[in-house]
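First residue of the sequence shown: 3, per this note's numbering; consecutive thereafter.
The beta-carbon is built from N, C-alpha and C at its ideal position, and this holds for glycine as well.
Please read these numbers as outputs of a predicted model, since none were measured by experiment.
First up is the structure itself, then whatever we jot down about it.
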Amino acid sequence: MSQTTRHFAAPKPGDIVWCRFPEEKTLHPAPKARPALVWRVGEIAGQTAVAIAYGTSQKMDRLFPGEFAIVPTDGAAYTVSGLSHPTKFNLARSVELPYNDCWFAVPPGAPFGQQPKLGVLHPSLMHRAQAAFKAINASLGDG
């Protein structure tokens with residue numbers, strides 16, 4: 003008996019989701035899920051696909067070009083993110099993935115029901131994400 007892939011309702015750009023982000027140099031889901039920031043929603047072969055940025059709570063002492071952080075001192079913006087630890091998102095480390103249960107999982111506590119959504123990027127933090135995108139474009143010669 004084969005397992006059926008479960009597809010989730012489409013997220014929105016700015017959603018923070020629970021993802022089995024592929025480990026470097028592989029195209030396979032990682033065993034451990036982590037936060038990821040949705041920055042584009044589209045389709046692959048008629049199914050919802052998302053462009054997401056890698057999230058980590060490691061090495062928070064320094065931000066590199068293309069990264070921005072969400073931390074508890076951000077107050078309500080941190081609360082609505084759904085994150086349980088200070089987290090930085092690396093927009094330079096982005097991938098496009100099918101939005102299904104091979105790559106995404108319902109987070110602990112299921113704050114949005116049986117969906118991978120943890121929370122959202124608060125509008126007050128949008129300037130950080132925009133600065134990270136600009137830093138990437140500048141490094142590519144586009145900015």
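I need the straight-line Cα distance from residue i to residue j, nearest angstrom please.
i: residue 116; j: residue 83; result: 17 angstroms
i: residue 10; j: residue 46; result: 14 angstroms
i: residue 121; j: residue 85; result: 7 angstroms
i: residue 35; j: residue 24; result: 10 angstroms
i: residue 98; j: residue 12; result: 14 angstroms
i: residue 96; j: residue 52; result: 10 angstroms
i: residue 21; j: residue 106; result: 4 angstroms
i: residue 88; j: residue 60; result: 9 angstroms
i: residue 81; j: residue 74; result: 8 angstroms
i: residue 32; j: residue 55; result: 15 angstroms
Give me, in chain order, the residues of the same chain whose beta-carbon lies closer than 8 angstroms to that of residue i; leave out the 5 immediate sequence neighbours on both sides.
i: residue 69; result: 90, 91, 92, 93, 94, 134
i: residue 18; result: 37, 38, 39, 40, 57, 83, 84, 85, 119, 120, 121, 122, 123
i: residue 113; result: 84, 119, 120, 121
i: residue 49; result: 9, 100, 101, 102
i: residue 42; result: 15, 52, 53, 98
Which of the three DSSP states is assigned to residue i in this structure?
i: residue 9; result: strand
i: residue 34; result: coil
i: residue 145; result: Unreliable positioning characterises residue 145 in this predicted model, as indicated by a pLDDT of 48, which lies under 50. A coordinate reading is not provided.
i: residue 74; result: helix
i: residue 81; result: helix
i: residue 133; result: helix
i: residue 140; result: helix
i: residue 113; result: strand
i: residue 127; result: helix
i: residue 94; result: strand
For residue i, collect the residues of the same chain with a Cβ closer than 7 angstroms to its Cβ; drop the 5 residues on either side in sequence, then sort them by chain order.
i: residue 7; result: 102, 103, 104
i: residue 65; result: 71, 90
Please work out which residues of its chain come closer than 6 angstroms, Cβ to Cβ, to residue i, disregarding the five sequence neighbours upstream and downstream, and give them in chain order.
i: residue 129; result: none
i: residue 16; result: 122, 123
i: residue 109; result: 20, 120
Have a look at the DSSP bridge pairing and note the partners of residue i.
i: residue 39; result: 18, 55
i: residue 99; result: 52
i: residue 88; result: The partner list for residue 88 (beta bridge, DSSP) is empty, contrary to what the question assumes.
i: residue 119; result: 19
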